[in-house]
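In case it helps, the numbering used here puts the sequence shown at residues 80 to 229.
Using N, Cα and C, we set each Cβ at its ideal position, and we do this for glycine too.
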Amino acid sequence: MRTLILGIGNPILRDDGVGVHVARRLQRELNNYKDIREEFTAGLDILELAKNYDKVVIIDAIKTRNGRVGSIYKLSLEDIPTIHGVSPHDVSLAQAFEVGRKIMGRIPEVIIYAIEVKDVTTFDEECTDEVKRAIPRVVELIKKELNEST
């Protein structure tokens, strides 16, 4: 089973970059695993990346109303609401994969690891301490996910 690991976020916007930081750590720890990518957005570009895979593991920041910073959520596409962006060209993750399902007839299994964040607006290449502490836990969860896929 081919699995793509996709870290999403902007690594210069403090906690928003947590997905990219997880992907980079996985690249260091799994140096022989070649299917790890970084993306700044979660739109239609992901379809092109994901089309030849059986499974896609996405890591991204999330900010919920009452969430505890550093909490890790394991989600599916069905758990993600369809939210329309400001621009009609903006497409949510769920919308992108729905388009993929209609165009390609099949989409890979999608698992999302979302990390509750605190600050996504400050220009800083380091995550807040609570989010930093979540990174090794997410890395271990994804390694386990990869072992179960083989």
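Would you tell me roughly how many angstroms separate the C-alpha atoms of residue 225 and residue 198, rounded to the nearest one?
Cα to Cα, the separation comes out at about 30 Å.
Is it true that the region 95-102 meets the region 145-157, where meeting means three or more beta-carbon pairs spaced less than 8 Å apart?
Contact check between the region 95-102 and the region 145-157: fewer than three CB pairs, one atom from each, fall below 8 Å, which does not count as touching.
Span of the beta strand (DSSP E), counted from its first residue to its last, around residue 154:
It spans 151-154 - the beta strand (DSSP E) in which residue 154 sits, taken as one unbroken run.
Counting along the chain, where does the alpha helix (DSSP H) carrying residue 208 start and finish?
That run of the alpha helix (DSSP H) goes 208-228.
Within the chosen definition, does the region 177-193 reach the region 128-137 through at least 3 CB pairs nearer than 8 Å?
Segments in contact, yes.
Counting C-beta neighbours from all protein chains within 10 Å, is the total for residue 91 16 or more, i.e. buried, or is it exposed?
Counting Cβ neighbours within 10 Å, residue 91 comes out exposed, since fewer than 16 surround it.
In three-state terms, what does DSSP make of residue 203?
Looking at residue 203 - three-state DSSP - the assignment turns out to be strand.
Taking residue 214 as the reference, give the member of 196, 112, 203, 122 with the closest Cα.
Out of 196, 112, 203, 122, 196 has the C-alpha closest to the C-alpha of residue 214.
Look at residue 222 and residue 109 and say whether their C-beta atoms are less than 9 Å apart.
Yes.
Quick one: give me the first and last residue of the beta strand (DSSP E) that residue 104 is part of.
For residue 104, there is no enclosing beta strand (DSSP E); the residue is part of the alpha helix (DSSP H) that begins and ends at 97-108.
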